[in-house]
Structures are given as structure tokens and as C-alpha cells.
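Just so you know, the protein sequences line up as chains A, B and C, in that order. Using the numbering used here, you'd call the opening residue of the first sequence number 163 and step up by one each time. Using the numbering used here, you'd call the opening residue of the second sequence number 2 and step up by one each time. Using the numbering used here, you'd call the opening residue of the third sequence number 61 and step up by one each time. Backbone N, C-alpha and C define an ideal beta-carbon position, used for all residues, glycine too. Everything numeric in this text was worked out from a predicted model, so none of it was measured. The next block holds one structure in the form of C-alpha cells; read it before the comments.
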Amino acid sequence: MSRKDFSKMLKKILIYLLVLIASVWLVFPLYWAFTTSFKSKVDVFKPLFIPFIQYQPTLDNWINEITLRGDVIMTGLRNSLIAASISALLCTFLGSMAGYALVRFRFRRWSNKDILLWFFSLRFLPPIALALPFFAIFMTLGLIDNVLALIISYTVFFIPFATLVQYDVFRNIPVELEESAMVDGCSRTGAFLRVALPLSAPGIIASFIICFAFAWNEFLFALVLTYKNSITLPIVIAGAEHSQGVDFWYICTRAVIAIMPPVILATLVQRWIIRGLTLGALKR
Amino acid sequence: MRKEEKVKYLFLLPSVALVLSFVIFPLIYSVFLSLTNWQIGRELSFIGLSNYLKIFTDFRVLNSLEFTLKFIALTVPIEAFLALGLALLSQKSFTGNKVFRILCILPFFASPIALSYLGITIFYEEGGPLNNILSLIGVGKIPWISNPTYAFLSVSLLDIWQWTAFLYVIFLAGLESLPKDIYEAAMVDGASGWRLFKSITLPLLLPIITTGVIFKVIESFKVFDLIYALTGGGPGISTESYTMYIYKTGLRFFRMGYAASLSLILLIILSILLMLAMIRLRRVYEV
Amino acid sequence: MKERKISRRDALSTAAKVAIGVVAAGVIAGIGGYYAGSQVAPAKTVTETKTVTAPGTTITVGAATVTEKVTETVTKTVTVTGPLTTPAVRFEGATVTVACMAGGPEGPHSSVLYYFKDEWEKLTGAKLNVIEIPFGELHEKVLTDAITGAGVYDVAKICATSLGDLVVGGYVECIDDYMKDPRFPKWDPAHVPEPVRRCVTWGGKWYGIPNDCDGIYLYYRRDLWEDSYNREEFKTKYGYELPDPPKTWDEVRDCAEFFNGWDWNGDGEPEYGLCQSLKVAAQAWFKYLAVAACYSVLPGPVVDRYHNVFHFDPETMEPRINKPGPIKGLEMLIELKKYGPEAMIGWDIGPSWDFFVTKGKAALTWDWGDIARMAQDPKRSVIKGKLGAAPLPGSYEVWDEENKTWKRFDRPIRCGNILGCDWFYVILKHSKNKEAAYHLCAWLSAPEQLFKTVTVIWGSGVDPGWRIHFPPEISEGWGLGNLKEWVTVGGYDERDAKAFLKAVYEQYFKSDTFLEYLKIPGASELMDSLDIHINEALVGKRSAKDALDACARDWERIVEERGKDQMKKWYQESIGYGLPIKIKPD
């Protein structure tokens, strides 16, 4: 084996080693939630890692969840999906437009930098400061305990992420491509929709993922703005604690349920990333 | 050209209008509330800036800010480093690359509340999985929750686990959107590996790395759900974050005036920090 | 006003209909096989209609087995069995929305509502809408709903800490008049322990319909105490008989030390003397108050400036948390901490209960009534049949603030108390269905429902404390309960049930004084301050005295900020200042 091949093989081994260590680190808490959801209540506080070998798994927790709390969990799941996906879509779309505008256009009233900073500053306020005022606003609009209130709130909160990520992504897209499209007769908006936006696919994916995840896990406003019909999964998860302590086994089942849609989402999105890459192969 | 000028507003306005219309009233209301001492069973009365003066002598404010700053100093660099490493690793080709990318994203979707409760079982000192493994390799039982220093570490560990994924997503998007032709040109010139990274990748990535880090710092000031179930802010108040204190003041003690002033102080602190950062980083953004 | 007049007339005519209906039904029942329905022991009707099931299974109450207690204008309780006839009052089409802790159909407090939902809906024609709220956020949601005027909840099952905020803000309905109204199900205020009564009243008026009796009791491993080897060793080491049960905290300390650090259950690992949940922002301050109360609250016939008060001086609002009594309590807690696992500082009740009941690795603890229930669950307990229980230990010495000295007694003075939330129902003023709401709450707290709640509903989270719960044999003949019920229906081990119920009875009805539950607005903030300062002392950051001094300064600041005069007035109202206390039942 030549020296070059040997060092190549070494690099490969190193990569796989790193990937393995990283994977164990990434997976462990989720694995722990998964196995603990199959443990009987007495086993929750014991160091038991492998089912069947170290402990006897049981379906009790899952059966209880489905029969007793199935409707509540489905409500939470449905509302979370609706609120998170719609708000993430809105964020990504509106944020892409805003990010694009800040890259391609020059604003005169307020400088682009100031507008950028303003978007950052939206993240400064702790949610608690907005909780009661938002409640008052939505009460006036008659949207208390309505998923629409959550959709609006999440879009408002998480637009900065989409805007700024897309801003960075658009900056790396050479303006010549759009200019050539416009020379061919495209309008500015057309150039945006047909040239720039598709090329920013990685940014779109990233924005969507981030906004979706934030909305998916958001707790405070879901708590304040909902009562029963529009509760989301985080509220259902928090409901596993009561006056007799925390039902850790139900935390685990609900954590597993809560991670499922994102896993499916991420799997689907993977294909788009690859597609976006091949589409976005740039040649000057 | 004139048509251009009109169009730019079309792009920017929807976002700005949406946000402004929902945020402007709460903001004004918060400012107004912070100048009062509104509590339950009590008439609203103006007390001017005394809420703000109280903040300076409130030991819990100072304590929570100290915790938050230490927390940021520990977690953000580690997360940025790990996220960058994972993003670069994800770019290499190996079997299972797709699955690996999904794994890297997953932590960010885990509910922080569930994670915090889960942490109680993972960090359980008398026989949880972590201490079990540590005992097996000879380190012994670590007081993850009952000791202030280790409680700080366990909270940081949870945050690192979850938020590395956030930065990973951003960094990966940046890496994937780098213009490939520059790479091809450089490699033709004979550059490879570390040099390639240092002189080409890193400078091109700097803007998005900065964006990610700035966001994470801002979000760190607001860490709450992750900590609350695991340590409750304890032992004592050693892991009480600033937002936790605001939450308690506002929605537990219902001292809305003071809570509003605490929130606005955070706004001011972060604005100053961002201004300072921008002075140094203006070049990065080239605006 | 007009409403009241009509309802009185209505009541009279309905009462007449009821009287006729009752007589008719009674005749039918008498022919059909008369049940002991005319006795004053409603528990017996429960026996008749019950199907004995194993613990942990859900029991559905079919229409045929529903018992209805009907109160006539004459205050005699008559129980009717058989299918429902016309109930006293109906609320067709009304919906009562109840906010309660999230627990699902089998979890604490919410299970009670789900269990009785169908029965009550059939009884009154109204609808019951249960809205569950995560436990930690119950206070915020109810208060936000009231403050903002959203008005979604009609009834809330709240923690006593919240009562002050709600009363002072004018958000809850005073129920004095409802209690006198004969149309509604009757629950006897004289049957609740004094501490519970104090929790649900404010300034002498009733605001809450009591339900739960949330107290902390001492639990210990009866099997260890009964082991003659242990008894001999203890006597040799400490010079006195192993106290069964321990009557002072010094005795608890000795027992904890004795059982700490060696393998007394044969599992190959050393066990601990005690375990406790001392995590901040969780239960630590409850557990501290349980220890500190007996050193700090001086018994007396009336709630006056120096007797039967704990937190503040009622005349000056000076905090009393750093007086020698509470300090001694904290020092004792720090001492006791030595005999349990170090991880206790970070334990909420989950790990602590797991340690005592599921793992069985601690000899004693002091905790809520839920331990007794949990210990009976074969799926989660290794100590069924081994549970000893006692009222919280007392002290020979109590700090006398008036004379600034320790007052010595010739027997341990016990401070019985409600320390927990004492979950009870309140009716929110903005409700549009107040009468239906009150009917629901009163019905749920009526004797049969209440007895079922603590025995049949396995996960109800409601603790016993009413007269209906205690078997006469452990309550000096005063109780109206039935020990057999607890065993066959509740699934308790008989000795465990006896020990537990005796402990509860003695704690509520045979103590010398009680610790008032702090309910004034700002109670959360005051207790939060106490909580973090205790924690500092427990981790060794400060001495007990310094920690409590810091706490007292904090309390002064909080009182100042909220308005000292206002707080003083509220404090006096909340503790029933000037009113006599009555611990022993008639």
C-alpha cells in the first residue's frame, strides 16, 4: 500500500471514528427517552440501558398514554403541526423576501445595517414581557384558544431568523445571474422567484428548520394563549408533572411522540437539500 | 429605476408591518407598566424610575446576570466549535452521511421541557446512567444537581447538546451555499485541507458564523425551560437565569411593573452589546 | 336581588316535591329490600353500591348503582338508593368549566372530575367541561383568566397559596350564602379539620369548598422498628427505648442516625436513615416548615399576637422567620440531612418517594399522605404492610416571643398543620353559572363522593382528613368511616391503613396548635425567598442563622414594596386574627 493510500485510509478511519462518537453523543438522550418509555415505573431511576438484557420492557406506559391521554396527545400533535408548519412557511417566505431586499436594495430612510439590527433586536425581549399584552390583543380579536393566534405569534417571533439567515445566503449568490435573467426580460420579482430563491435552497431549508423547531418547542405563549382546543405538545409534556411528582415515564413517551414529526420532516427535507445542491451547482 | 424603488418596499414591508403591528403595542405597554408598581389587589400608581433603581440593589438580578454571563462564556464557544466541526464532517462523503445529518439536526427539535425532565433521570446521582458509567470507569459519582458547580455543568451540558444543532443548521446552510467555483480554482492551484479551510472557507463563512453566534448569545440570555425542571434555579440560586427571575417576578409573584422593567433592562443591555459587536464586526457584514 | 326571592320560593316548592318523592321512594325501597339508608353514616350506602375491585382498575359507576343524597328543609340526611328520581335542582343546558391540574383520567385531582363527570351530568342536566393545566402553571392561568376578564373558567381547584391573590383582587365568590342554601348538596363544615378551614376562609368568610386535606406526616419502616435486634441495639446505644413512634425531632435524629449507613434490608448495600426532597423551587420549604413549626408556634386558645402565629407579628408585620424557633428548626434540618443520601439536595418528590417506597432504602421520612397510598401499590412499592405512620413530631420547648425565652412543656407540643396546597374549589366571580358551579363543588365534597375519592379512585391525590374518612376505632369513636372499606375497596394493608389514618387523625384533631398557611398576596414571593435561603443553609453556603436573617430582610423588603399596612390587614384577615381556634372535634 502506498503512502498516499495509507494516509487516505487513516483519514477514513478517523472520519468514521468521529462520526461514531458524535452519533453516540447525539443519540444518547433520545435513546434514553425511548428505552425509559418502555420501563416499568420502578425501573425509571435505575441505570438500565439495554432492554431484555438488563430489564424487562413493558408496553404499559404506551398503552396508558394511548387509551387515557390519546385524545389530548392527538390534539396537541395536530395543533403543534399546524402552528409550527404554517408559521415556519410564513417566516421562510416573508423572511426570504426581507433578506433579499436587504441584500439587493439600498434603503435610504433607514440604512440597511439599521434594519438588520432591528431584526436582531426583535429577539431581545424575553417572551414574558409580551405574554399578557399578547393575550389582551388576541382576546380583542377573539382568537383566544385558537391556533391562528399561535400561528401569528410564532411568525412574528421567528421572522428574524429566516430574514438573517437568508440575508447571509443571498449575499453569496452572485448578482450577475439575476442580472442576466433580467436582461432576458424578467422583472425583479421574477428574477427573485426564478433565480435567486431556488439558489438559496440551503438557506430556505435552514430557515424553515429553525423556525419550525422554535415554534414546535415554544411553551410560554402556547400556555398563555390556549385553554383546551389549541394546546400544543409542550403543554401536554408539561402536564406530566402534577402534585404527586413527575411521571417520568410519560415524559419519555411524550418526548418520543414529540420528536417523531420532526424526524419525518428532517428525513423529507434531506432530499431537498441534496436536490438543492445539484440544482445550485454554480459555474461562472 | 423608479419601479425598482417601489418593489423593494414590497419585499420588506410584509415582514416589518406584521412584526410592528403586533409588537409595538406590547412594547409601549411594557414601558408604561415598568413605570408603575402594579400588583394584584392594588391600585395602579406611577412610581417613575424607581423600579429601575431597585434593579441595581436586587441581589437576584446581579446573581442571575452573573450566571447568564458565565453560561454564555462556557456554552457558546463550545457550541460554535462543535457545530462547525459537525458541519465540516457532514460535508465529507461516507456511508450514512444522510442519516448523520439528520442526527445532527435532531437535538434542536427535542422539547427543552422534556429534555430538562429527562435530565433528572440521566443526571440522577444515586444511580443514573451517567454516574453509573462514571463509576465503572473509576471516576465515581458526581453530584450533578446537588452541587452548585456541577449543577452549572449539567445545565451547560444540556444546552450544548441542544443548541449545537441550532448552530449546525446555520453553519451547514452557509457551507452548502458557498460558491463552488472558488474551491475548484483553489484546488487547481494546489491548495488542500487545512489551508483551504483557513484561507477560503473560514473567511467566506464568517458572516454566517457571526450571525449564528449573535443569535445564540441573545437566546442564551433567555434560557429558561431547559434549566427549570432540572435544577429549579438551584441549588439555592446558583443556576437561576435572568429570564427565570423575570418569569417568577411576573407570573408567579405577579409583580408586573417590576417584571416589565427587568425585561426592558435586558433589552437595553442586549442593544448595547449588539452595538459594540457591530462596531467590531461591521467589516464582516460589509454593509 | 330578585333572583334570590324567586329561588327561595322555588326551593320551598321543590322541597315539597322532594319530600313527596322521598317518601314514595322510601316506601318502594322498603318493599324492595331496605338498605340502611336512614342512618347518619353515609359510608354504609357506599358499601351497598360498591363492586369490590382490585386496586388500580377503573370503576365505572352505572346508573343503577348511583346513590343520591337529598337534603330536605329539615336538616336530616336521608339517603335514597335505586334509580334517580327528580333531583333537588337541575341546571339544564349549563356548562361548568373547571380548571384543574393536568393529570388525565387517572391522575391527581383531575381523575376525581372524570370519575364523577357522568354521574353529575345526569344528576343535574348540566355539562362538565374539564380543562387541565400543567401543575406548575395552574396559578398563572387561573389568575390571568381572572385578571384579563377572559372568564373561561367557572371553577378552579386551586392551591391555598393562590387564595389571597384571588380574594384580594375580588375574583372569587364568597360561598357563605351558598352553604346555607338548602337546594345544594350538604357538606358539613364541622367535619373538616381546623387547618383546612383556615385555608379556605378569609376574614371569617368562606371562599373555598374544601376537598383535599394535604398534610405531611412522619413515615417510618414498621418492620425495622418491630425487629427486636434493632430495638436492643438502639437501647444500648442511646439509652432509651426505640421510640415507636418518635415524638420529637431529637428522637427522629437518633433513629435516623441509628439506621444510617449499614445494610438493614439484606440487599448488600448500605441503607440510609432518612430521605427527603430538598430541591429548591420544589418541596424543600414545605419540609422545612414541617420541622420548624413545633419549635415556633406557641399554643393558645386564640389567634393572638404571640400564640398560634408563625410568619409575622400581626401587629407590626415584623417577620418572625429569623427568631430562635425557626432557626432551631433549620439547624435540626441541617443535622437531619446528614443521615440521608447527599443527592437529596437535588431531589424533588419523584426521586425521594422512589427511594423510600420503591427502593425501600430509607428508614424514615416525612411527607404527604400520597406516600401511604403509593406504598399500597404492589407495582411500585416494596414496603406494603411495613408502613408505620405518625403525626409530625413535636418539641418540649417552644419559643415564646412575648417573653423572649424558650417555654418548656412537660410533654412534646405538636403543631398539626396543613402544609400542602390543600386543593380546594373556588368559584370565580366572572362565572355565568355560579349556582351550577357551586352544586358541582358541594356535591363532590359531599360524604359519599368524598369517601369514594380517597378510597376507590386510586390516583385521586386527595388525602383524607374529614370525619367521614376515619374509622371510629382509631379516632376515639368520633369518625364515621369504616376500616374494612379502606382495606377491601381502597386496597390498603390493614395495619398500614390503621397506622396512617391514626396519624392523620392525631395530627389534625389532637395537636396543640397549628401552623397557619400563608395565603396573603405575595405568598409565592415570600415562600420563594424562604426556599432559596433554606437551600443556601442546606448546601452549607450560610449558617442557619445567617440564612434566616437574610430571609427576614428579604421579607421586610417584600412587605414594604407591597405596602406594609395593606399586607398587615390582609395577614390579619387571612389568619383569623383574634378568633379562637378549635382543634378538637365536638
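Looking at the structure shown, is residue i part of a helix, part of a strand, or coil, going by DSSP?
i               : result
W194 of chain A : helix
V340 of chain C : coil
I143 of chain B : coil
Y217 of chain A : strand
P507 of chain C : helix
P289 of chain A : helix
T232 of chain B : helix
L230 of chain A : helix
W266 of chain C : strand
W428 of chain C : strand
Y298 of chain C : helix
M161 of chain C : strand
Y412 of chain A : helix
D572 of chain C : coil
F47 of chain B  : strand
P303 of chain C : coil
V362 of chain C : strand
L447 of chain C : strand
P249 of chain C : helix
V256 of chain C : helix
Can you tell me which residues form a DSSP beta bridge with residue i?
i               : result
E185 of chain B : For E185 of chain B, which the question treats as bridged, DSSP gives no partner whatsoever.
W615 of chain C : None; W615 of chain C has no bridge partner.
Y485 of chain C : C:K217, C:I269
S455 of chain C : C:I473
Y332 of chain C : C:A422
Taking all protein chains shown into account, do 16 or more other C-beta atoms lie within 10 angstroms of the C-beta of residue i, making it buried, or fewer, making it exposed?
i               : result
F82 of chain B  : exposed
E462 of chain C : exposed
Y169 of chain B : buried
D314 of chain C : buried
Y10 of chain B  : exposed
A432 of chain C : buried
N391 of chain A : exposed
A443 of chain A : In this prediction, A443 of chain A scores a pLDDT of 41, lower than 50, which makes its location untrustworthy; no coordinate-derived value is stated.
G93 of chain C  : Interpretation of G93 of chain C is limited by its pLDDT of 32, a score under 50 that renders its predicted location unreliable; the figure taken from the coordinates is listed afterwards. So G93 of chain C ends up on the exposed side.
W322 of chain C : exposed
F60 of chain B  : exposed
W272 of chain A : exposed
S356 of chain C : buried
L54 of chain B  : exposed
D214 of chain C : buried
Q216 of chain A : exposed
L447 of chain C : buried
E254 of chain C : buried
A124 of chain C : For A124 of chain C, the pLDDT reaches just 37, beneath the cut-off of 50, and the residue's location in the model is therefore unreliable, although a value from the coordinates is still provided. It is exposed - the Cβ of A124 of chain C has fewer than 16 other Cβ atoms within 10 Å.
Measuring CA to CA, which of the options is closest to residue i?
i               : options                        : result
Y277 of chain C : C:D248, C:I487, C:W180, C:Q336 : C:Q336
P424 of chain A : A:S247, A:G352, A:I397, A:R270 : A:S247
W615 of chain C : C:F530, C:F415, C:E378         : C:E378
V522 of chain C : C:I528, C:T513, C:F530, C:H529 : C:T513
D373 of chain C : C:I643, C:F469, C:P361, C:Y637 : C:Y637
E179 of chain C : C:W503, C:V202, C:N595         : C:W503
I116 of chain A : A:A184, A:A428, A:T415, A:L427 : Not covered by the structure: residue 116 of chain A. The range shown for chain A is 163 to 446.
L339 of chain A : A:L355, A:V189, A:I215, A:L326 : A:L355
A579 of chain C : C:G268, C:A342, C:Y238         : Rather than Ala, the amino acid found at residue 579 of chain C in this sequence is Lys. Among C:G268, C:A342, C:Y238, the Cα nearest to that of K579 of chain C belongs to C:G268.
May I ask you to check if the CB of residue i is nearer than 7 angstroms to at least one heavy atom of the ligand SAH?
i               : result
A230 of chain B : Of the ligands one can find in the structure shown there are none, so the ligand SAH has no counterpart to examine.
Beta strand (DSSP E) segments (min. 3 residues) lying fully within the stretch 83 to 152 of chain B
none
Which runs of the alpha helix (DSSP H) fall wholly inside the stretch 226 to 285 of chain B and span at least 4 residues, in chain order?
Within the stretch 226 to 285 of chain B, the complete alpha helix (DSSP H) runs of at least 4 residues are 226 to 232, 243 to 248.
Pick out the complete beta strand (DSSP E) segments inside the stretch 510 to 595 of chain C, 3 residues or longer, and give them in chain order.
573 to 575
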